[in-house]
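*Asks:* One structure is given below, represented as structure tokens, and several questions about it will come after.
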Amino acid sequence: MSKQINKKFLFTTLVFISLVLISAFVIEYKMDHKPCRLCLYERIPYFLAVFLITKIFFIRSYEKLTLLILFLVFTVSSVLAFYHFGIEQGFFEESFACTVGNFSETLSKEEILEQLKQNTISCKDVSFKILGLSLAAINAVFSFVLGVIFLKLFMSYGKN
496 MSKQINKKFL
506 FTTLVFISLV
516 LISAFVIEYK
526 MDHKPCRLCL
536 YERIPYFLAV
546 FLITKIFFIR
556 SYEKLTLLIL
566 FLVFTVSSVL
576 AFYHFGIEQG
586 FFEESFACTV
596 GNFSETLSKE
606 EILEQLKQNT
616 ISCKDVSFKI
626 LGLSLAAINA
636 VFSFVLGVIF
646 LKLFMSYGKN
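For the record, in the sequence shown the residue sitting at position 37 is 532 according to the numbering used here, with numbers rising by one throughout.
Printed below as a string of structure tokens:
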């Protein structure tokens, strides 16, 4: 790995992101708090970040590009989390993805009706809080901070 990127910081970030993902699964499966669709979508950037940071440790090429991609990943994550928080607070209406299951042209009317009958979790309902904050709010802050950090790393890459 190049001396341009702080290994300890990246490792700490990798551990932190992994703990965030593990916590999400513990809350879902051990504590039985079912996530809404947006909660599930908000996990995707974290999985991508684990992959990209691990890539930096093992594949030394394209480090600067990887930092830029990590910035973009956490920018998207931040926007998604702020949007989710806005739905929870009533600033935005629930999107179609929140209220209905996956529909495709191959589903019959009966299958669509069955999906509508299923107990889907609303994106506006906060089922779990930490220190009075919803997980979407916490994710928005974490993602924003990580995005800023990766932008700074990208901008300073190669400078002494």
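Think of the CB as a built atom: it goes at the ideal place given N, C-alpha and C, for glycine as much as any other residue.
Can you tell me where the alpha helix (DSSP H) holding residue 579 begins and where it ends?
*Replies:* If you number the sequence shown from 1, residue 579 lands on position 84. Segment 558 to 584, the alpha helix (DSSP H) holding residue 579.
*Asks:* With respect to the alpha helix (DSSP H) encompassing residue 548, which residues constitute its N-terminal and C-terminal limits?
*Replies:* Taking the first residue of the sequence shown as 1, we reach residue 548 at position 53. Looking at the DSSP string, the run of the alpha helix (DSSP H) that includes residue 548 is 539 to 553.
*Asks:* Helix or strand or just coil, what does DSSP make of residue 496?
*Replies:* Counted from its first residue, the sequence shown places residue 496 at position 1. Reliability of the predicted coordinates at residue 496 is poor, the pLDDT of 41 falling under 50, and the value obtained from them is presented with this limitation in mind. The answer is coil: DSSP assigns residue 496 none of H, G, I, E or B.
*Asks:* Could you have a look at residue 625 and say whether DSSP puts it in helix, strand or coil?
*Replies:* Taking the first residue of the sequence shown as 1, we reach residue 625 at position 130. Strand, per DSSP.
*Asks:* With residue 565 and residue 645 assumed to form a contact (beta carbons below 8 Å), what rounded beta-carbon distance in angstroms separates them?
*Replies:* Along the sequence shown, read from residue 1 onward, the residue named residue 565 stands at position 70. Along the sequence shown, read from residue 1 onward, the residue named residue 645 stands at position 150. Contact flag correct, Cβ pair sits at about 4 Å.
*Asks:* Could you tell me how far apart the beta carbons of residue 589 and residue 621 are, in whole angstroms, since I believe they sit closer than 8 Å?
*Replies:* The sequence position of residue 589 within the sequence shown is 94, counting from 1. The sequence position of residue 621 within the sequence shown is 126, counting from 1. About 13 Å separates the two Cβ atoms, so there is no contact after all.
*Asks:* Just the C-alpha distance for residue 498 and residue 527, rounded to the nearest angstrom, thanks.
*Replies:* Taking the sequence shown and counting its residues from 1, the one referred to as residue 498 is at position 3. Taking the sequence shown and counting its residues from 1, the one referred to as residue 527 is at position 32. At residue 498 the pLDDT is 49, less than 50, meaning the model places this residue with poor confidence; the figure from the coordinates comes in the next sentence. Going by the C-alpha atoms only, they are around 44 Å apart.
*Asks:* Let me know if residue 577 comes out buried or exposed under the rule of 16 or more other beta-carbons within 10 Å of its beta-carbon.
*Replies:* Position 82 of the sequence shown, counting from 1, holds the residue named residue 577. Residue 577 should be labelled buried.
*Asks:* Measure how close the beta-carbons of residue 530 and residue 571 come, nearest whole angstrom, since I'm counting them as under 8 Å.
*Replies:* Mapped onto the sequence shown, residue 530 falls at position 35. Mapped onto the sequence shown, residue 571 falls at position 76. That pair is no contact at about 18 Å.
*Asks:* Contact between the segment 550 to 559 and the segment 518 to 525: three or more CB pairs below 8 Å?
*Replies:* Cβ pair count under 8 Å is below three, so no.
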